[in-house]
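Read through the structure below, which is laid out as structure tokens, and then see the notes.
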Amino acid sequence: MKKLIINLLILIPFALKAQQSVKGIVTDEAGNLLDGVTITLSTNNENGVTRLTSMGDFVLNQVQQGTYQLSATLIGYKPVIRTITIPKDSLKIVMQGDSKVLKEVTISFSKPIIERKTDRVTFNVEQSIVASGGTAWDALNKAPGVQLTSGGTITANKKDVQIYLDGKPLHLSGDDLSGYLQGIPSELIIKIEVFSNPPASFEAEGSAVVNIITKKSKGQGFNATMNGGFTQAIYGSYTASNSFNYRKDKLNIYGGYSFTSRKNGYDRHDYVIYNNPDGYSYWDSPGYSIVQSKTNNYRLGADYQLTDKQILGFLITGNNRTGSTMTNTQTMITNNFNTTPDSTLQTNGNTRLHNSQYAYNLNYNIQLDTSGQNLNVDLDYSPYQTDRQQYINSLSFLADGSPASKPYHIYTPTIQHIAIYSGKIDYNYKTGKNWNFTSGLKYSSVQSENNFDFYNNEGEQSVFVPANSNHFDYVENTAAAYTSVRTTIGKWSLQAGLRGEYTRIKGYSITIDSLNKRQYFKLFPTLFALYKLDDRNELQFTYGYRIERPEYNRLNPARQYSNPYSYLVGNPSLQPAFVQNIELGYTYNKQYNLTAYYTATHDMFSNITVQDNLNKVFYNTQQNLGLSLITGLRLSAPFHVNDWWEMNVMLDFYEQREKSAYQQGSYDYHQFSYEGNTTQSFTIDQTHGIKAEISVMYNSSDIQGIYKIGHVYNVDAGIKATILNGQGIVKLSASDIFNSNNYHVSVNYLNQNNGFFKRNDTRYGALSFSYRFGKNVAAARKHNTGIDKEKERAQ
């Protein structure tokens, strides 16, 4: 019944009628763009669609054809009232100054939760109720097409993702990436952009790009925002944050601080079936884990206007996180199809973590002329350190309760130091009326030192075991040059780019005296073409060739044990994967989009499982596999049902193929899969800003390499209200109402038969509050630093 309701919520909107869209711009008498103007479109003096301008621009979506009254109001300006007829492509409104002082004004603003453009899907987090009160990690889980896996990785439309923060890559992965994003309150995020096929402005790494954009302030003066949120799942968690921006004359100072305390519990049930000619053994391992963390994030920057055309700025960001993971697992071993376990393995784990990451950026920008020609220089340095201490205690018992083997007690401290250096220069210039060029150079150097020590704690004193320890050093140097061109020719809009990267890599395991060196040069072309059939109909074609480099932890050969018979180990011989993205799309009225896509990943690297059925040892490692191919059709559309009900819907149907030689055999898997999501918002009381929202997602089962992954669905709901004369917003939401956002993974290949079920702590209630005070100030300038690409892969 729940699945039927979910499918109905996703599919019903396509029976509704499409509406019209009107774009406009608002300026003062001098031609300056006006921000924060309230635009209202009504008929017969009844309230209709209301929007707020962003840097002068506004869009009125889903409006029926007909005659309307349009009004524009802003404190300090005389109201503008016009009669317009829809359809109409664009409007320009000029407002005159008004010396009268208004004592009170109420602004209603209903920006769409999800917006779609030809190259991206934008999830407006600040408009979403269900994304409030949590963290950036929680908000990502609500973004259309984004999937968070049980291992802490992120995919978008089934592609590996490069995460950006304010246009700059985050070089973290796995637990460190999820921990970092869990330290950022969702109240600090304005929107999340999902690029299924990234344009040439992004670097070559990552099949897809997800760009998290934090809130900025605008205007002259001082502005600050304070936020707080509390979530209650099995355990309680909370976030608190503040940000400020001060601008006066040539100086702009900005910054912020946030603190997050999280505690989560989750069930994980693993199984392994060891089958060999001598017997059959079933290892059943239910377990429970508690994860706690406390995170401090801070940011401080300044820009100084040296001249009218030159800006010098610096930016310092920092992140400190401490945490622990407590795990209790009981493995019941049943041999030869017995009905009761022959023995039991009781394992307790305790991992303590402390990591810190800093980034220092120095930026210089100069405008060379009035046509847009400019030069930008970035110098960056980022040190990163992780200190992880793991304790594993295992006891084994026979069926009668007597010890089956001696106790297994180990202590494995791990220290990782990463230093990233980078310098880049970008040059933008224009030739003729319609030819725009961007060219640049970049050099980066990554130096990673990893120390993994293994101690046996069976006796009264710890004993260092050199054979199980490892010291691994990794160096990666990359030189890159790129150029891109953008032009418009008649009905064609074209953008093409070419990036060349030369990479040298050296990985050296000191403990086992193993050296891996390689170097390669690759060209990465991108192409975007748009053909405008008429004012409402457009065709698009995009092509991109990209690279996926393995994260540093995948390369580390140190063995990390979870019990005496199971461990995780990296592969220093892992090679990068290369990805081709092709998309052909049709867009109607700038809103309704149908896209056919093809993604082929060659030499895909993936986590794989290995079973030793004779010795009953199981481990996870990394390996380059063969081909991963996805061909699909994606449909997305917004619907304006009436004045109080809006919805966005996305459906995706795709065929997967996973093909590779692996171990002593090969596989060629095919599977048809589908997914869909809908977000629906309801205006309950426009005067008091009371709105409700429901979000539904469903992903069918699919495959990844040798893994078969079960279906997942999720339902969220929430309500918000504007209080304190519009300065405060309070939101209440419920996430994963049916507790259905869980993972089922299985492997059945050759002599391997294993899998797990993980029930995440994602069903929670959240309460959040945000308050803004101060004057509006001009937005802090974005620093697109050169170092952040390398930080994404750090561990």
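In case it helps, mature numbering (1 follows the signal peptide of the UniProt record, and there is no 0) puts the sequence shown at residues -18 to -1, 1 to 777. Each residue gets a CB set at the ideal place from its N, CA and C atoms; glycine is no exception. Remember, it's a predicted structure, so these values are computed and weren't measured experimentally.
Inter-residue Cα distance where the pair is residue i and residue j
{"i": "Asp743", "j": "Thr207", "result": "30 Å"}
{"i": "Phe738", "j": "Tyr725", "result": "8 Å"}
{"i": "Gly203", "j": "Phe755", "result": "11 Å"}
{"i": "Tyr753", "j": "Ile172", "result": "15 Å"}
{"i": "Lys388", "j": "Tyr579", "result": "56 Å"}
{"i": "Thr469", "j": "Val176", "result": "24 Å"}
{"i": "Arg518", "j": "Tyr568", "result": "11 Å"}
{"i": "Thr20", "j": "Pro61", "result": "10 Å"}
{"i": "Lys424", "j": "Gly48", "result": "54 Å"}
{"i": "Val623", "j": "Met629", "result": "8 Å"}
{"i": "Ala118", "j": "Ser110", "result": "13 Å"}
{"i": "Glu442", "j": "Asn730", "result": "43 Å"}
{"i": "Ala121", "j": "Tyr146", "result": "14 Å"}
{"i": "Asn438", "j": "Gln371", "result": "14 Å"}
{"i": "Asn337", "j": "Thr277", "result": "10 Å"}
{"i": "Val428", "j": "Arg531", "result": "13 Å"}
{"i": "Thr493", "j": "Gln164", "result": "35 Å"}
{"i": "Phe654", "j": "Thr65", "result": "51 Å"}
{"i": "Phe105", "j": "Gly161", "result": "22 Å"}
{"i": "Tyr409", "j": "Leu357", "result": "5 Å"}
{"i": "Glu185", "j": "Glu533", "result": "16 Å"}
Endpoints, the alpha helix (DSSP H) within which residue i is located
{"i": "Trp417", "result": "Where Trp417 is concerned, there is no enclosing alpha helix (DSSP H), although the beta strand (DSSP E) it sits in stretches over 417 to 434."}
{"i": "Arg536", "result": "534 to 537"}
{"i": "Trp119", "result": "118 to 122"}
Residue nearest to residue i in terms of C-alpha spacing, selected from the options
{"i": "Gly188", "options": "Leu147, Leu152, Asp142", "result": "Asp142"}
{"i": "Gln328", "options": "Asn345, Gln371, Ser378, Asp362", "result": "Ser378"}
{"i": "Asp324", "options": "Met314, Val191, Glu637, Gly331", "result": "Met314"}
{"i": "residue 786", "options": "Leu16, Thr135, Lys74", "result": "Any property of residue 786 remains undetermined from this structure, which presents the chain solely from -18 to 777."}
{"i": "Val8", "options": "Arg528, Leu56, Glu108, Ala559", "result": "Leu56"}
{"i": "Ser722", "options": "Ile216, Trp417, Leu163, Val697", "result": "Val697"}
{"i": "Tyr373", "options": "Tyr390, Gly383, Ser384", "result": "Tyr390"}
{"i": "Lys690", "options": "Leu476, Asn735, Gly422", "result": "Asn735"}
{"i": "Gly414", "options": "Ser663, Ser353, Lys74", "result": "Ser353"}
{"i": "Gln292", "options": "Tyr409, Leu350, Asn279", "result": "Leu350"}
{"i": "Asn707", "options": "Ser715, Tyr574, Thr669", "result": "Thr669"}
{"i": "Tyr502", "options": "Ala381, Lys74, Gln557, Thr661", "result": "Gln557"}
{"i": "Ser421", "options": "Tyr464, Asn452, Thr394", "result": "Tyr464"}
{"i": "Val31", "options": "Asn14, Tyr50, Asp39", "result": "Tyr50"}
{"i": "Asn575", "options": "Ile612, Ala559, Thr603, Phe621", "result": "Phe621"}
{"i": "Gly383", "options": "Tyr346, Thr326, Arg334, Thr394", "result": "Thr326"}
{"i": "Val112", "options": "Asp369, Arg244, Gly18, Ser663", "result": "Ser663"}
Contacts around residue i, its chain only, beta-carbon distance under 6 Å, and the 5 residues preceding and following it disregarded
{"i": "Ile672", "result": "Ile666, Ala703"}
{"i": "Ile63", "result": "Ser53"}
{"i": "Phe594", "result": "First, the amino acid is wrong: residue 594 is Asp here, not Phe. For Asp594, where only same-chain residues beyond five positions count, there are no Cβ hits under 6 Å."}
{"i": "His399", "result": "Gln367, Glu431"}
{"i": "Tyr527", "result": "Phe506, Pro507, Gln562"}
{"i": "Glu86", "result": "Interpretation of Glu86 is limited by its pLDDT of 39, a score under 50 that renders its predicted location unreliable; no figure is taken from the coordinates."}
{"i": "Leu633", "result": "Leu617, Gly658"}
{"i": "Val727", "result": "Tyr689, Ile691, Gly737, Phe738"}
{"i": "Ala699", "result": "Ile676, Ala716"}
8 Å Cβ shell around residue i - same chain, five flanking residues per side excluded
{"i": "Leu609", "result": "Ala582, Thr583, His584, Met586, Arg639, Glu640, Lys641, Ser642"}
{"i": "Asn224", "result": "Ala206, Thr207, Met208, Asn209, Gly238, Tyr239, Ser240"}
{"i": "Pro539", "result": "Asn452, Phe454, Ser491, Ile494, Ser496, Val551, Gly552, Asn553, Pro554"}
{"i": "Pro385", "result": "Leu377, Ser378, Phe379"}
Residue i - containing beta strand (DSSP E), residue span
{"i": "Trp265", "result": "261 to 289"}
{"i": "Ala463", "result": "452 to 471"}
{"i": "residue 807", "result": "Here the chain comprises residues numbered -18 to 777, so residue 807 is not present and cannot be evaluated."}
{"i": "Gly489", "result": "474 to 491"}
{"i": "Leu556", "result": "Element bounds for Leu556: n/a, residue is neither H nor E."}
{"i": "Ile611", "result": "Per the sequence shown, residue 611 should be read as Leu rather than Ile. Counting along the chain, the beta strand (DSSP E) containing Leu611 begins and ends at 609 to 624."}
{"i": "Ala401", "result": "390 to 413"}
{"i": "Leu15", "result": "Counting along the chain, Leu15 falls outside any beta strand (DSSP E), and DSSP gives it neither H nor E."}
{"i": "Leu327", "result": "325 to 349"}
{"i": "His670", "result": "Element bounds for His670: n/a, residue is neither H nor E."}
{"i": "Phe587", "result": "587 to 594"}
Chain B contact for residue i (CB, 8 Å cutoff)
{"i": "His391", "result": "Judged by its chain identifiers, the structure shown contains no chain B, having just a single protein chain."}
Heavy atom of the ligand FMN within 7 Å of residue i beta-carbon
{"i": "His726", "result": "Absence of the ligand FMN from the depicted structure is noted, as is the absence of any ligand whatsoever, leaving it without description."}
Cutoff 7 Å; reference residue i; Cβ partners in own chain excluding five residues on either side
{"i": "Tyr644", "result": "Leu607, Ile688"}
{"i": "Arg741", "result": "Tyr248, Asp249, Asn724"}
{"i": "Leu596", "result": "Asn258"}
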